[in-house]
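Structure first, then comments.
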Amino acid sequence: MTDATTVIHAYYAAFNAGTAAGMLDLLTDDIRHDINEGETQIGLDAFRAFLARMDEHYRERAEDLVVMASLDGTRAAAEFTIHGEYMKTDDGLPDAHGQTYALPVGAFFELRDGKIARVTNYYNLAAWTRQVSGATGA
């Protein structure tokens, strides 16, 4: 069995490298993706489309990554700071013009047979909106 922390570190290494294929290789075919303040999507095709949309609108990097895993390797959590640039306006969000942002993020994972079967991300969308809108406050 592949160590859960190794899988999660590889996932974020692929994320930081901008390698969608590397991320997708670490996911089960029936991946469950719980999008922050959004819907739950199932399957590699949905995850691939999500990554393509994100790549179109944002340039991001996960820094200060800390990964924790359950003893049996079926659950993991990650905490990190996402540093990003908002490049193209996303539907329903403020206008983009290259604003930068930094937010703490928590991510939770289920693993099965050495691959990620669920990823759930949490961050403060209101704080992100304030940062890209130029408003003050945390």
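Here the numbering used here is used: the first residue of the sequence shown is 579, the next is one more, and so on.
No residue lacks a Cβ here, since even glycine has one placed at the ideal position from N, Cα and C.
Do you know how far the Cα of Gly712 is from the Cα of Met601?
As a working note, residue 601 is residue 23 in the sequence shown. As a working note, residue 712 is residue 134 in the sequence shown. When rounded, the separation of the alpha-carbon atoms in Met601 and Gly712 is 32 angstroms.
Any non-hydrogen atom of the ligand ADP closer than 6 angstroms to Pro682 Cβ:
Within the structure as shown, the ligand ADP is missing, as the structure has no ligands at all.
Quick test of your reading: Lys782 and Thr597, contact by CB under 8 angstroms. State the CB separation rounded to the nearest angstrom.
Beyond the ends of the chain as shown, which are 579 and 716, falls residue 782; an answer cannot be given.
Grab the span of the alpha helix (DSSP H) containing Glu634 for me, first residue to last.
Residue mapping note: residue 634 aligns to position 56 of the sequence shown, counting from 1. Note, Glu634: alpha helix (DSSP H), Leu622 to His635.
Relative to the C-alpha of Asp612, which candidate in Ala704, Thr698 and Leu703 has its C-alpha closest?
Within the sequence shown, numbered from 1, the residue matching residue 612 stands at position 34. Residue Thr698 is the option with its Cα nearest to Asp612.
Reduced DSSP category for Asn699 - H, G, I as helix; E, B as strand; rest coil:
Taking the sequence shown and counting its residues from 1, one reaches residue 699 at position 121. Strand.
Short Cβ contact (7 angstroms threshold) for Arg696 with Arg637
The residue given as residue 696 occupies position 118 in the sequence shown. The residue given as residue 637 occupies position 59 in the sequence shown. No, they are not a contact pair.
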